[in-house]
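All remarks here apply to the structure that follows.
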Amino acid sequence: MQTLANANKTLKFPNQKAPRYSLKKPERKKYHLVRYIRSDSRLNIFGEMFSCLG
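The working numbering numbers the first residue of the sequence shown as 6 and each following residue consecutively.
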């Protein structure tokens with residue numbers, strides 16, 4: 006929360022439930038995701054797997 010306050014940014018939340026189908030990728034702006042990191046240090050973002058170990 007302090008990092009957010011220091012960045013002088015506001016959070017934006019969608020005003021509806023998440024869609025049950027794929028959306029087009031944005032051509033501008035950014036998406037910020039909060040995702041669960043598994044016990045094996047793997048991160049799954051929309052089906053792509055990433056290792057969280059440096």
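Here a beta-carbon is modelled for each residue, glycine too, at the ideal position from N, C-alpha and C.
Boundaries of the beta strand (DSSP E) in which N49 is found, first to last residue: Counting along the chain, N49 sits inside the beta strand (DSSP E) bounded by residues 47-50.
Per DSSP, the bridge partner or partners of M54: According to DSSP, M54 bridges with N49.
Y41 versus C57 - alpha carbon distance: In a straight line, the C-alpha of Y41 is about 11 Å away from that of C57.
Cα-Cα separation, M54 to R47: CA-to-CA, the gap between M54 and R47 works out to about 6 Å.
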